[in-house]
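Taking the numbering used here, the leading residue of the sequence shown gets 1164, the next gets one more, and so forth.
Even for Gly, the Cβ is constructed at its ideal location relative to N, Cα and C.
Keep in mind it's a predicted model, so treat the numbers as computed, not measured.
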Amino acid sequence: MSIRSRLLKLTALCLIGVYFGFPGLLFAQESPNANNNGDNQNQEASSLPISSDWSKVKIATYSKGDQTFVIAMGPLVPLFYYNSEGIHETNVKTGGTGYLNYNYFFTSHFSVGGEVGGSFSGTIGANMLYIVPFGLRLGYQFIYNRFEFPLALTIGAANQGYLDKGYFGLILKPSVAAYWRFNPDWSFGLNADWWWLPQWFSDPKETMYGNFLGITIGARYHF
1164 MSIRSRLLKL
1174 TALCLIGVYF
1184 GFPGLLFAQE
1194 SPNANNNGDN
1204 QNQEASSLPI
1214 SSDWSKVKIA
1224 TYSKGDQTFV
1234 IAMGPLVPLF
1244 YYNSEGIHET
1254 NVKTGGTGYL
1264 NYNYFFTSHF
1274 SVGGEVGGSF
1284 SGTIGANMLY
1294 IVPFGLRLGY
1304 QFIYNRFEFP
1314 LALTIGAANQ
1324 GYLDKGYFGL
1334 ILKPSVAAYW
1344 RFNPDWSFGL
1354 NADWWWLPQW
1364 FSDPKETMYG
1374 NFLGITIGAR
1384 YHF
């Protein structure tokens, strides 16, 4: 066979091989792209937002058995006294107060606990009035994100001392507060307390009802 015939035969075989092998090469090149497209679709599908019923569930910040311990300090402002004869000005100056309270939660909002505190206030005559209250504390709390708004009513008794005189009687102390939850263990806030202190005597003219306002900064420990 001549060289020319051999070259023609080799050229024909190459053309046949290219004709039948080229689609396989194309398929081999497209297959990775197809897999990539499938992976991309899977990735896109997995990245789509998934709706769940859990998103509708509101998890309570508190539950039964949760407890808080509060320490608070600040000024105590005497407002006025009143009795059957009307409102009287007080001769007591602005003083200081501090208290500790404990709260046990029965639900995510309602709590029961106790409180003990103390206060001192100077008088115009350069003497001191001391009040040491304690009592049962009933609380209800509103929660918004990391802000908590406790409402409370303390019902108890107070030992009041002025010079050589003393009086032991009822105290009612409603309060409102706003706290910011710093972390799971601590929150910090501001409290406003209204002190209602009656002093009852047989003579209505001697009976007097004292009213004080306490503004305190508080720290709450959650456990």
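Legend entry - Beta-carbon proximity list for F1310, same chain, < 8 Å, skipping 5 on both sides: Counted from its first residue, the sequence shown places residue 1310 at position 147. Counting only Cβ-Cβ distances below 8 Å, and skipping sequence neighbours, we find A1341, Y1342, W1343 and R1344.
Inset, instruction - Could you tell me the distance, in whole angstroms, from the CA atom of F1283 to the CA atom of F1331? - result: Here residue 1283 refers to the residue found at position 120 of the sequence shown. Here residue 1331 refers to the residue found at position 168 of the sequence shown. Going from the Cα of F1283 to the Cα of F1331 covers about 16 Å.
Legend entry - Per DSSP, the bridge partner or partners of G1300: On the sequence shown, position 137 is the one that residue 1300 refers to. A small correction: the amino acid at residue 1300 is Arg; Gly does not occupy that position in the sequence shown. According to DSSP, which records beta bridges pairwise, R1300 is partnered with G1276 and T1317.
Legend entry - Chain-order list of residues whose beta-carbon lies under 6 Å from that of Q1230 (same chain, five-residue window excluded): In the sequence shown, counting from the first residue as 1, residue 1230 sits at position 67. Here the set comprises Y1267 and F1386.
Inset, instruction - Could you check which residue in L1326, N1322 and L1316 has the C-alpha nearest to that of S1274? - result: The residue you call residue 1274 lines up with position 111 of the sequence shown. With distances taken between Cα atoms, S1274 lies closest to L1316.
Inset, instruction - Note down, in chain order, each residue of its chain lying with its Cβ closer than 8 Å to the Cβ of D1348, except the 5 sequence neighbours on either side. - result: Here residue 1348 refers to the residue found at position 185 when the sequence shown is read from its first residue. These residues qualify, in order along the chain: Y1384, H1385 and F1386.
Legend entry - Distance between L1326 and I1378 (C-alpha atoms, nearest Å): Indexing the sequence shown from 1 puts residue 1378 at position 215. Indexing the sequence shown from 1 puts residue 1326 at position 163. A direct Cα-Cα distance of roughly 26 Å separates I1378 from L1326.
Inset, instruction - Helix, strand or coil for A1289, going by three-state DSSP, please let me know. - result: As a first step, residue 1289 is located in the sequence shown; it is residue number 126 there, counting from the start. Note: A1289 maps to coil in three-state DSSP.
Legend entry - Residue range of the beta strand (DSSP E) that includes K1336: On the sequence shown, position 173 is the one that residue 1336 refers to. K1328 to R1344 is the span of the beta strand (DSSP E), which, as asked, contains K1336.
Inset, instruction - Could you tell me the distance, in whole angstroms, from the CA atom of L1376 to the CA atom of G1228? - result: Counting from 1 along the sequence shown, the entry for residue 1376 is found at position 213. Counting from 1 along the sequence shown, the entry for residue 1228 is found at position 65. Approximately 31 Å, taken between the alpha carbons.
Inset, instruction - State the Cα-Cα distance for the pair Y1262 and P1313, rounded to the nearest angstrom. - result: Looking up residue 1262 in the sequence shown gives position 99. Looking up residue 1313 in the sequence shown gives position 150. Those two C-alpha atoms are separated by around 16 Å.
Legend entry - As assigned by DSSP and simplified to three states, the class of R1364: Translated into the one-based positions of the sequence shown, residue 1364 becomes position 201. The amino acid occupying residue 1364 in the given sequence is Phe; Arg does not appear at that position. Coil, per DSSP.
Inset, instruction - State the beta-bridge partners of N1354 as determined by DSSP. - result: Taking the sequence shown and counting its residues from 1, the one referred to as residue 1354 is at position 191. Partner(s): A1340 and T1379.
Inset, instruction - In the DSSP assignment, find the beta strand (DSSP E) that holds Y1265 and state where it starts and stops. - result: One-based indexing of the sequence shown puts residue 1265 at position 102. Looking at the DSSP string, the run of the beta strand (DSSP E) that includes Y1265 is G1258 to F1268.
Legend entry - Proximity to N1308 [Cα-Cα], best of N1346, K1368, H1251 and F1269: Residue numbering aside, residue 1308 sits at position 145 when the sequence shown is read from its first letter. Per the Cα distances, N1346.
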